[in-house]
Amino acid sequence: MKGTVICASKNQRKLWMVENGRIVLTLDARFGSTTNPTTEGVHTVYKKDKDHISGQFGSPMPYSMFFHAGEAIHYSSGFARDGWNGASHGCINIRNMTGLKWLWNKTPIGRKVVVYK
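This note's numbering puts the sequence shown at residues 1372 to 1488.
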């Protein structure tokens, strides 16, 4: 794709911001479980919320960027604390707050998000 896109690989457990084919940011990423998988495909950031709280689980989701049916890229204190143990409920968890803040600030509504195996 031309331009800027966010790519997320479930198998590699990474999220990248790519500008015209060049990786400008790499972050560790944790995805949904087999019972609550992160939806694969090409999506678009449709909402951003710096201080989001999950309505379903009551947990903080700082720097949320929603891309598909309530699924978001967001900071996870659980991922930061526990590492790869556990999973999200379909969101893409990020444990590097500094990197995520940078990505959030550089990501407008409408940015493409590609999630794949």
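Ideal Cβ placement from N, Cα and C applies to all residues, glycine included.
Asked, Found
"What does the alpha-carbon distance come out to for the pair residue 1425 and residue 1402?", "16 Å"
"For the alpha helix (DSSP H) containing residue 1448, name the first residue and the last one.", "1448-1453"
"For residue 1436 and residue 1418, what's the separation of their Cα atoms in angstroms?", "6 Å"
"Apart from the five residues on each side of it in sequence, which residues of its chain come closer than 6 Å, Cβ to Cβ, to residue 1451?", "1466"
"Determine the extent of the alpha helix (DSSP H) in which residue 1469 is found, giving its start and end residues.", "1468-1477"
"Going along the chain, which residues of its own chain have a beta-carbon closer than 8 Å to the beta-carbon of residue 1448, five neighbours each way excluded?", "1431"
"Per DSSP, residue 1337 forms a beta bridge with which residues?", "Because the chain here runs from 1372 to 1488, residue 1337 falls outside it and cannot be looked at."
"When the distance is taken between beta carbons, is residue 1407 closer than 7 Å to residue 1445?", "no"
"For the beta strand (DSSP E) containing residue 1435, list its first residue and its last residue.", "1431-1439"
"Hey, residue 1488 and residue 1411 are a contact pair by Cβ (cut 8 Å); roughly how many whole angstroms apart?", "7 Å"
"Where does residue 1405 fall in DSSP's three states?", "coil"
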